[in-house]
Amino acid sequence: MPRPVSPLPLSPSLFRPLFFTFTLLLTPAVHALSVIAPTFPQLVAASDTIARGTVTAIRSEEFDSAQGRGVRTLVTLRLERILKGTPAETITLTLLGGTVGKRTLRVVGLPTFIVGQRQIIFFANNGTVLCPLVAAGHGRYHVLTDPATQRDYVTRDNLAPLSSTDEIALPLATPAVATITARLTSPADALTLAAFETQITAALDSSAPAVRLP
């Protein structure tokens, strides 16, 4: 796990990456996160690590920064496969926000995690930005199993089955719309885990060097 670095300073040079636009709300306890959806090749190129794993632990903690005490959440995944990046058995993502005691710092639009979730994550600059997932929810894909066929398939962050990597460039819908979309899209139409990882590998073979987010 990298040395923790305070993600709170919001200098323009730090938060002007290719796919991120951060907007602070007036209340100090709530931040809003909005992103521009990347294309699939952009997502692959902007990631310094692409990995498949299962969430094994989640904890929140307070930390000191130049702005005072902040709250961050640490999400640990046991890795099954690393498609890009340094080999490791586990990875711990550091995200701004969380709850410690009676204190809550919430970042609207930030992906949430549940222990036991299996997913493919695309991330960069872990420990130095509000959210290391590239373009927030566009950098996380759930791996689910179709109960009818026992086939592993991939969904977007909103749980809508991913039928093509072209859909990565589409905005993530609100939860209500996402629920309807998921019901209209059959798991049988979704990319299998193997197919998605094959396309990632192909994109890596043809991509330019990784784009480092500021």
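Every letter in the sequence shown is one number past the one before it in the working numbering, and letter 133, counting from 1, is 195. A virtual CB, placed ideally from N, CA and C, is assigned to each residue, including glycine.
Distance CB(residue i)-CB(residue j) smaller than 9 Å
i	j	result
residue 184	residue 106	yes
residue 108	residue 196	yes
residue 222	residue 190	no
residue 177	residue 250	no
residue 171	residue 95	yes
residue 162	residue 193	no
residue 143	residue 113	yes
residue 207	residue 258	no
Option in the options with minimal Cα separation from residue i
i	options	result
residue 213	168, 136, 252 and 164	252
residue 145	125, 111 and 227	111
residue 203	167, 131, 255 and 100	255
residue 98	234, 265 and 258	234
residue 127	158, 166 and 267	158
residue 131	210, 140, 165 and 263	165
residue 232	262, 209 and 201	201
residue 138	175, 167, 104 and 100	175
residue 121	265, 160, 264 and 167	160
Supposed contact pair residue j and residue i - C-beta distance, whole angstroms, cut 8 Å
i	j	result
residue 182	residue 102	That pair is no contact at about 13 Å.
residue 124	residue 136	Residue 124 to residue 136, Cβ: 12 Å. No contact.
residue 180	residue 116	5 Å
residue 199	residue 173	5 Å
residue 156	residue 188	6 Å
Residue-chain proximity (residue i, chain C), Cβ-Cβ < 9 Å
i	result
residue 147	Of the protein chains in the structure, only one exists, and it is not chain C.
Enumerated in chain order, which unbroken segments of the alpha helix (DSSP H) with a length of 4 residues or greater are wholly contained in the region 166–242?
none
Quick test of the definition: if touching needs 3 or more C-beta pairs under 8 Å, does the region 143–157 touch the region 204–221?
no
As an exercise, report each continuous alpha helix (DSSP H) stretch of at least 4 residues that is fully enclosed by the region 87–164, in chain order.
102–108
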